[in-house]
Structures are given as structure tokens and as C-alpha cells.
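378 is the number that this note's numbering gives the last residue of the sequence shown; the numbers go up by one with no jumps.
Each remark here refers to the structure printed beneath this line.
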Amino acid sequence: MAVKINARSPYYIKVEYAALATASLDLFIWTGLTSDKPETVTYTFTKASVLDNEYVVFEVSEYIKDFLNTEYNNYSTEIVWVSWDWTSYNSSAQQIDSGSSNNYLACRGYGYFEEGINPQLSYQVLQSNTKLYYKINEPIVIPVWAEDLPTVTVAGGSSPSWEVVTSFWEAYDDFWNGGEVDPIVITDNGNSNQKIQYIVIDSQTIASNAITIVTSGIDAKETTIDLVEVCEPKYTPLNVIFFNKFGALQNIWMFKKSQTSININSESYKRNILNTDTLSYSTTSHQMKTFNANGNESIAMNTGYVSEDYNDVVRQLLLSEEVWVDNGSQVLPIKPNTSSLTFKNSVNDKLINYTVEFDYAYDKINNIR
10 MAVKINARSP YYIKVEYAAL ATASLDLFIW TGLTSDKPET VTYTFTKASV
60 LDNEYVVFEV SEYIKDFLNT EYNNYSTEIV WVSWDWTSYN SSAQQIDSGS
110 SNNYLACRGY GYFEEGINPQ LSYQVLQSNT KLYYKINEPI VIPVWAEDLP
160 TVTVAGGSSP SWEVVTSFWE AYDDFWNGGE VDPIVITDNG NSNQKIQYIV
210 IDSQTIASNA ITIVTSGIDA KETTIDLVEV CEPKYTPLNV IFFNKFGALQ
260 NIWMFKKSQT SININSESYK RNILNTDTLS YSTTSHQMKT FNANGNESIA
310 MNTGYVSEDY NDVVRQLLLS EEVWVDNGSQ VLPIKPNTSS LTFKNSVNDK
360 LINYTVEFDY AYDKINNIR
């Protein structure tokens, strides 16, 4: 089981040896199998020790993030392999030590302060909530860590139509696999693109209210996810997709009222509209001329009533650097605009609903050059 690097939090590499004055680090970052490690170094760093400490510390997470890119509905690099070689030198620039690391798996996950440096988080279900609200006729998508080969069963003995995909948006509604196979076992061929996989369930075939995910490896446990169908006859639900703290794509349905607004930015100048030939001017001419006008639209959404374990889902949504909204006809990029939120609980608030505001992550008038 490979150690995971959460690249949205700092990751430190310490090189230490007696009489060390400087050290160099060769960092390798790649996708595919471990055997696909490039011969060419991705980054090389050199650093001197401070105050005769005989060690240096390298922070590499920002460089790893350069290789974690997603273009929705096209490609997503959610996991990369990382390893490094190091060499240490004394004050005379003579080599005194060298070595290599194991192969690590890096994702765009992060740990909270109270979890300490580089927590391993889950080796099973890659989401914080164990209750999942879904819209009927829309697929239910659950991210899992495939390296531990989880077994998935459906509570109550029911077998819905489902399959496992490696891309969150992969087309899966035409041909469902394993419709009557219960349990199924997720496989991992060792490729980096196999490490995070998505269980996709046809919600039209759900006959029970839970699924069970079991692992038997390093993080052996059994997780039950309760499935709650929400019928919303009045509003048009919106599907918000985001990268969560585990580095996986997750979606949250916004079932209640949504409202769109626009903010306009422009410049203007005062021009001379006098016709010097006739010493007159047209009353239909603009004396105050507008230019560079554009706008940015925002949308406010409401989750509808949810359980308390959605507090962390909403927290991770607001902390996400990449978010999209699926309005039923298009998937569009958005970014959280809500910068302050009070978390709720059933004791104080009885019913929990969150209103979250987003800006569409583009100008309304196309100005791409």
C-alpha cells in the first residue's frame, strides 16, 4: 500500500547526515505504472543547511500540484506517482551520502490542521458523509480508493444496476454492468489512473436504502452509506461537482431555490459630440461613452434539508479550488463566493439547510483571445 501525499498541504522531505553542508534533491513525477518512471528528472533542487544544522528540508507539494490538472468531460489527472533521489555534500563539496525514496502516490487532497502533517485519510470511501441525498433518475456516484480492492454490496440483498469507472463523468447510463452481481470487487491494475475509482449506481434500480463497502487491507473496515431519495416537485435541482479533501471528485445536489444575478463592470469617457460645421449636435449621440463593458454572473443555491454530516461536505465544497455546476444541459465552471458560513446542528437548528453563493468562473461576454 503506497503512502499518499496530500499535495494541497505542505509535504516535507528531510535530508540529514553528519557534516552535511548542502544537499540536492531530484524529484520525479509521472503517471501510469511505477515502471513508467521517467529517466529525466522532473525537478532538481539544491539547498544549504542553516546554522550548521547538518540537515536541509525541501517542500515539494507546490511542484506536484503542477501535474494534477482536470479538464471536465475531457481528462483528469487525480493521482501521480512521486519519488526522489537525494545527495548530500560536506563543506568541501564532496559527496558524503545518497539514496532513493519509495514510490508515493500524490493527489490534490489536504489535511486539516488538527489532523497533523500529511494524514493518510481514507483507504476506502473517499468522502466524509455516510448519508447521501440523490435525485431519482440521476446516477449516484461514490468515490473509492481502489488500491485496497474494496468489495461493494447492497444492504438488504438488493442488486441495483451499477458499474465502476475511473472518470467521474464517464458515460455510464447506456450500458450498465454487473446489474445482478452482488457483491462486486473493484480491481486495480497498478496504473495511477486506477487508484481513485467511482462506483456509479443507477438510481432507478435502487430497491434498498443503503450500500456497504468493505475493505480487508491496511484500513480494513466496513462502511455503510445510507441513500436518501429527494423528490423536489417545485425547484430545478442543480448538481455541484467539486474536489474534496481526499483529492476525489464528489457531487452534492442543491435541491431548493436557486437565484442568478449579474454584476457589470465597465469604463466610460466623456466625448465631444459637437458638429462644428453646423454648430449643433445629435440628441441621440452618447456624450458619455461606455467601453470594455462585461459582466460576471453569480448564483445562490440551497441544499435543502440535510443531515449534520453534510457540514463537512459543505466545508470541503467552500475550500475546493475546482468546482462545476451541472444544470441539466451544460456543465459550467464556478467558484465559491461564500466566504463565511455558520455550521448548523439538529439540536440548535432542528432542520439544516445551507445557502451557498458561487460566481461563474468566466466573464459573461466571451473575451477569450
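Glycine included, C-beta positions come from ideal geometry on N, C-alpha and C.
Three or more pairs of CB atoms, one per stretch, sit closer than 8 Å, so the segment 145-158 contacts the segment 196-208. Residue 309 places its beta carbon less than 7 Å from that of residue 268.
Ranked by how close their Cα comes to the Cα of residue 109, the residues 24, 49, 57 and 128 have 24 in first place.
Under the DSSP definition of a beta bridge, residue 12 lacks any partner. With 16 or more other CB atoms across the displayed protein chains lying within 10 angstroms of its CB, residue 157 is buried. Residue nearest to residue 178 within the set 350, 335 and 372 is 335 (criterion: CA-CA distance).
A buried status is given to residue 32, since no fewer than 16 other beta-carbon atoms sit within 10 Å of its beta-carbon.
Counting only runs of 3+ residues, the beta strand (DSSP E) found wholly inside the segment 216-268 occupies 219-224, 230-238, 247-252 and 258-263, in chain order. Fewer than three pairs of CB atoms, one per stretch, sit closer than 8 Å, so the segment 288-303 makes no contact with the segment 112-126. Within 10 angstroms of the beta-carbon of residue 281 lie fewer than 16 other beta-carbons, which makes it exposed. Under the three-pair Cβ rule at 8 Å, the segment 268-278 does not count as touching the segment 246-255. The DSSP-derived three-state label of residue 161 is strand. Under a 10 Å Cβ-count criterion, residue 301 is classified as exposed, with fewer than 16 other Cβ atoms of the shown protein chains found around its own Cβ.
Under the 10 Å beta carbon count, residue 87 is surrounded by 16 or more other beta carbons and is classified as buried. The Cβ atoms of residue 236 and residue 141 lie closer than 7 Å to each other.
Residue 220 counts as buried, since no fewer than 16 other beta carbons sit within 10 angstroms of its beta carbon.
Where residue 143 is concerned, the enclosing beta strand (DSSP E) starts and stops at 140-143. Rounded to whole angstroms, the gap between the alpha carbons of residue 358 and residue 351 is 11 Å. Minimum Cα-Cα distance from residue 202 among the listed residues 373, 11 and 40 corresponds to 40. Around the beta carbon of residue 159, 16 or more other beta carbons sit within 10 angstroms, so the residue counts as buried. Taking a C-beta distance under 7 Å as the contact criterion, residue 368 and residue 353 do not qualify as a contact pair.
By the Cβ-count criterion, residue 20 is buried, with 16 or more other Cβ atoms from all chains shown falling within 10 Å of its own Cβ. Our two residues, residue 284 and residue 276, have alpha carbons roughly 25 Å apart in a direct line. Unbroken beta strand (DSSP E) runs of no fewer than 3 residues, entirely contained in the segment 53-126, are found at 64-68, 88-98, 104-109 and 113-116, following chain order.
The straight-line gap separating the alpha-carbon atoms of residue 72 and residue 329 is approximately 19 Å. DSSP places residue 50 in the coil class of the three-state scheme, outside both helix and strand. A straight line joining the alpha-carbon of residue 69 with that of residue 77 spans about 13 Å.
Counting along the chain, the unbroken beta strand (DSSP E) around residue 307 starts and ends at 297-311.
DSSP places residue 206 within a strand segment (E or B) once states are collapsed to three. With the rule of 3 Cβ pairs closer than 8 Å, the segment 41-60 does not count as touching the segment 100-109. In the DSSP annotation of this structure, the continuous segment of the alpha helix (DSSP H) that includes residue 355 starts and ends at 355-358. In this structure, the beta-carbon distance from residue 265 to residue 311 falls below 7 Å. Contiguous beta strand (DSSP E) elements confined to the segment 315-341 occur at 332-335, taking only those with 3 or more residues. Annotation for residue 151: the continuous beta strand (DSSP E) segment containing it runs 149-154. Burial of residue 204 is indicated by the presence of at least 16 other C-beta atoms within 10 angstroms of its C-beta. Here residue 33 carries a strand assignment [DSSP, helix/strand/coil].
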